[in-house]
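**Student:** Below is a structure I'd like to ask you about.
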Amino acid sequence: MRAVIQRSTFPRVVILTYTFSSKASAGMAAMATVKASSDLAVRVVSYNVLSSHLASPDHFTCCRPQDLEFENRVPRVLDALDREINAASETKRPVIFCLQEVSNSWAGQLHAFFANRNYHMLTGLYGKRFNDYMGVAMAYPTEAYETVFVDIARLSDHRVGGWPRTLTEDGSSLVTTVKRIRSLSTAAFIKGLELVLRPARQLLRLPAPEKTRDHWEMSENRFNILLTACLRRKELEEDADMKGGTFVVSNYHMPCAFYAPMVMNIHCDMMAQRCQDLANGDPYILAGDFNLLPDSPHYKLLTTGRLDWSDPTYPTPKYGMEWNSNIAGMRSAYGSSDHGEPDFTNYAQIGNDEPFIGTLDYIFLSDEWKVTGAKKVPHRKDASGPFPSEKEPSDHVMIAADLFLPAGTQRDEKKTNAANDSELSRIV
Numbered sequence: 016m017r018a019v020i021q022r023s024t025f026p027r028v029v030i031l032t033y034t035f036s037s038k039a040s041a042g043m044a045a046m047a048t049v050k051a052s053s054d055l056a057v058r059v060v061s062y063n064v065l066s067s068h069l070a071s072p073d074h075f076t077c078c079r080p081q082d083l084e085f086e087n088r089v090p091r092v093l094d095a096l097d098r099e100i101n102a103a104s105e106t107k108r109p110v111i112f113c114l115q116e117v118s119n120s121w122a123g124q125l126h127a128f129f130a131n132r133n134y135h136m137l138t139g140l141y142g143k144r145f146n147d148y149m150g151v152a153m154a155y156p157t158e159a160y161e162t163v164f165v166d167i168a169r170l171s172d173h174r175v176g177g178w179p180r181t182l183t184e185d186g187s188s189l190v191t192t193v194k195r196i197r198s199l200s201t202a203a204f205i206k207g208l209e210l211v212l213r214p215a216r217q218l219l220r221l222p223a224p225e226k227t228r229d230h231w232e233m234s235e236n237r238f239n240i241l242l243t244a245c246l247r248r249k250e251l252e253e254d255a256d257m258k259g260g261t262f263v264v265s266n267y268h269m270p271c272a273f274y275a276p277m278v279m280n281i282h283c284d285m286m287a288q289r290c291q292d293l294a295n296g297d298p299y300i301l302a303g304d305f306n307l308l309p310d311s312p313h314y315k316l317l318t319t320g321r322l323d324w325s326d327p328t329y330p331t332p333k334y335g336m337e338w339n340s341n342i343a344g345m346r347s348a349y350g351s352s353d354h355g356e357p358d359f360t361n362y363a364q365i366g367n368d369e370p371f372i373g374t375l376d377y378i379f380l381s382d383e384w385k386v387t388g389a390k391k392v393p394h395r396k397d398a399s400g401p402f403p404s405e406k407e408p409s410d411h412v413m414i415a416a417d418l419f420l421p422a423g424t425q426r427d428e429k430k431t432n433a434a435n436d437s438e439l440s441r442i443v
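The numbering of the sequence shown is our numbering, which starts it at 16 and goes up by one.
So this is what it looks like as structure tokens:
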């Protein structure tokens with residue numbers, strides 16, 4: 016075995032390509048018993064399963080307590096996933112699952128479920144104790160796909176161009192050190208003044224001073240992980256000149272920061288940018304719970320790649336750093352289908368708040384994909400909510416799209432190895 020280091024177009028990413036001998040590749044070739052055409056069909060499912068620790072009766076006060084118990088929700092969710100797998104075996108269209116709010120408790124159940132069905136499951140968990148460290152997960156059938164590489168990235172650690180920084184934070188000179196001391200002294204004075212004024216404010220029943228939200232700082236401090244897998248169809252024609260059937264799937268759960276739309280735009284840009292850079296010319300799919308509505312500027316940014324600077328949600332500069340987006344606009348699978356975007360994908364009522372019902376979940380695509388079908392989602396007038404309920408074990412409904420990649424749309428790539436060699440690439 017030999018390793019070759021290559022440069023990726025993606026900043027700070029190195030691709031290691033491992034080349035195996037014909038003996039090693041023979042095992043992979045033996046798994047491909049069906050000669051396939053260059054066409055590729057796949058079904059992608061996206062589903063927020065609702066964290067095991069966020070479905071309390073105190074939270075979902077309008078739902079039956081028995082429908083919130085994890086022990087009751089688990090078999091209902093697994094049944095829904097099982098129906099998708101069974102349908103895939105009949106249609107011969109492999110299904111890839113992108114799941115959100117997968118907690119530690121959920122991960123254990125899902126690992127066993129998928130392993131017993133010959134699926135490989137990936138996780139990127141990043142939450143806190145109160146939500147059982149929830150994150151995202153992906154699963155795909157090992158009989159259908161070879162794993163080319165997997166990328167698990169906390170987006171804020173990989174922002175292209177970095178984050179706004181002052182000279183003080185860089186520690187460049189004595190002058191900046193003096194400025195830091197002055198800044199700390201000022202902050203201490205303001206804090207002391209607040210402590211002095213707090214009793215008077217309480218006596219006069221004045222509201223607490225509103226803290227200004229720094230959208231750059233909020234965006235950098237989020238731990239949300241983008242989970243990405245590059246997959247290759249196994250039953251390839253050995254003499255094909257193209258590396259057919261190679262594509263990228265990413266899964267993300269956008270921060271629920273509707274109160275800070277600039278944060279949403281920053282994360283939309285980081286998410287799409289990394290997915291597209293990792294694809295590096297291959298077709299890609301970006302699925303998840305994005306916590307944004309179809310008429311929002313965030314949706315416009317993702318589907319057009321542009322956001323007008325005059326838009327009130329356009330992130331303002333900080334320390335001389337301007338925000339700009341260079342992402343390619345993507346198509347929504349549902350938006351491109353005969354169905355259009357669902358009337359809703361989330362139906363929840365928290366405490367005494369008004370019920371929320373709207374579309375938050377999407378499957379975004381690069382231009383190469385053709386949408387041949389989409390799972391029907393009921394209209395709100397036909398929905399018996401809010402959820403979770405006996406029929407809907409999460410506050411989100413499952414969405415799914417049938418996708419088709421015609422022959423000749425994969426990235427052209429000349430062979431660099433002997434005919435019997437195979438390549439396994441991974442990003443580190």
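Glycine included, every Cβ here is placed at the ideal spot set by N, Cα and C.
(1) How far does the beta strand (DSSP E) with Glu161 in it extend, from its first residue to its last?
(2) Kindly list the residues whose CB is nearer than 7 Å to the CB of Ile100, restricted to its own chain and excluding five residues on each side of it in sequence; keep chain order.
(3) Look up Gly139 in the DSSP assignment and give the residues it is bridged to.
(4) Jot down the residue ranges of each uninterrupted alpha helix (DSSP H) in the region 300 to 370, minimum 4 residues, whole runs only, in chain order.
(5) Per DSSP, what are the beta-bridge partners of Leu241 in this structure?
(6) Could you check where the alpha helix (DSSP H) with Val89 kicks off and where it finishes?
(7) In the DSSP assignment, the beta strand (DSSP E) including Arg58 goes from what residue to what residue?
(8) State yes or no: is the C-beta of Arg247 within less than 8 Å of the C-beta of Val163?
(9) Can you tell me which of the three DSSP states Asn119 falls into?
(10) Please report the residue range of the beta strand (DSSP E) in which Ala294 lies.
(11) Within 10 angstroms of the Cβ of Pro80, are there 16 or more other Cβ atoms? Answer buried if so, exposed if not.
(12) Nearest-angstrom Cα distance between Arg58 and Asn280?
(13) Closer than 7 Å by C-beta to Asn63: which residues in its own chain qualify, once you throw out the five before and the five after it? Chain order, please.
(14) Would you mind giving the Cβ-Cβ distance between Phe262 and Pro298, rounded to the nearest angstrom? I have them listed as a contact below 8 Å.
(15) Is DSSP giving Asn236 helix, strand or coil here?
(16) Is it right to say Val151 is buried, meaning 16 or more other beta carbons lie within 10 angstroms of its own, or is it exposed?
(17) Between which two residues does the beta strand (DSSP E) holding Gly388 run?
(18) Just to check my reading of the structure: Leu170 and Met286 have Cβ atoms closer than 8 Å, yes? What is that Cβ distance to the nearest angstrom?
(19) Where does Asp417 sit, in a helix, a strand or coil, going by DSSP?
(20) Between Glu337, Asp97, Leu242, which lies nearest to Gln291 when the distance is taken from Cα to Cα?
(21) If I measure Cβ to Cβ from Gly139 and keep anything under 7 Å in the same chain, skipping five residues before and after, which residues do I get?
(22) Could you work out which residue in Val60, Arg108, Thr106 is closest to Val92 when comparing CA atoms only?
(23) Got a sec? Which residues, its chain only, sit under 7 Å from Pro179 by beta carbon, not counting five neighbours each side?
(24) With DSSP collapsed to three states, give me the class of His126.
(25) Thinking C-alpha only, which one of Ser234, Thr106, Phe128, Ser67 is nearest Ser120?
(26) Using the beta-carbon count (16 or more within 10 Å), is Phe112 buried or exposed?
(27) Tell me the residue span of the beta strand (DSSP E) that contains Thr261.
(28) Quick check: what's the CA-CA separation for Ala95 versus Asp82?
(29) Is Asn146 near Leu69, with beta carbons less than 8 Å apart?
(30) Determine the burial state of Val175: buried for a count of at least 16 other Cβ atoms within 10 Å of its Cβ, exposed for fewer.
(31) Can the beta-carbon of Tyr362 be found closer than 8 Å to that of Gly355?
(32) Report the option in Arg321, Leu380, Val278 whose CA atom is closest to the CA atom of Ser265.
(33) So the beta strand (DSSP E) Phe145 belongs to, where does it begin and stop?
(34) My understanding is that Tyr134 touches Ala154, with C-beta atoms under 8 Å, so please give their C-beta distance in whole angstroms.
(35) Distance, Cα to Cα, Ala130 vs Gln124?
**Tutor:** Result, derived from the coordinates:
(1) 160 to 169
(2) Val110, Arg132
(3) Val151
(4) 312 to 319, 348 to 351
(5) Ala168
(6) 85 to 106 is the extent of the alpha helix (DSSP H) around Val89.
(7) 55 to 63
(8) yes
(9) The answer is helix: DSSP assigns Asn119 an H, G or I state.
(10) Note, Ala294: premise wrong, no beta strand (DSSP E); alpha helix (DSSP H) at 276 to 294.
(11) exposed
(12) 28 Å
(13) So the list reads Gln115, Glu116, Asp304, Asp376, Ser409, His411, once near-sequence residues are dropped.
(14) 4 Å
(15) DSSP places Asn236 in the helix class (H, G or I) of the three-state scheme.
(16) buried
(17) 385 to 389
(18) So it is a contact: roughly 6 Å between Cβ atoms.
(19) strand
(20) Leu242
(21) Gly150, Val151, Ile167, Ile240, Leu242
(22) Val60
(23) Trp231, Lys333, Tyr334, Met336
(24) helix
(25) With distances taken between CA atoms, Ser120 lies nearest to Ser67 out of Ser234, Thr106, Phe128, Ser67.
(26) Burial call: buried.
(27) 261 to 268
(28) 15 Å
(29) yes
(30) exposed
(31) no
(32) Leu380
(33) Per DSSP, Phe145 belongs to no beta strand (DSSP E) and is neither H nor E.
(34) About 5 Å separates the two Cβ atoms, so the contact holds.
(35) 10 Å
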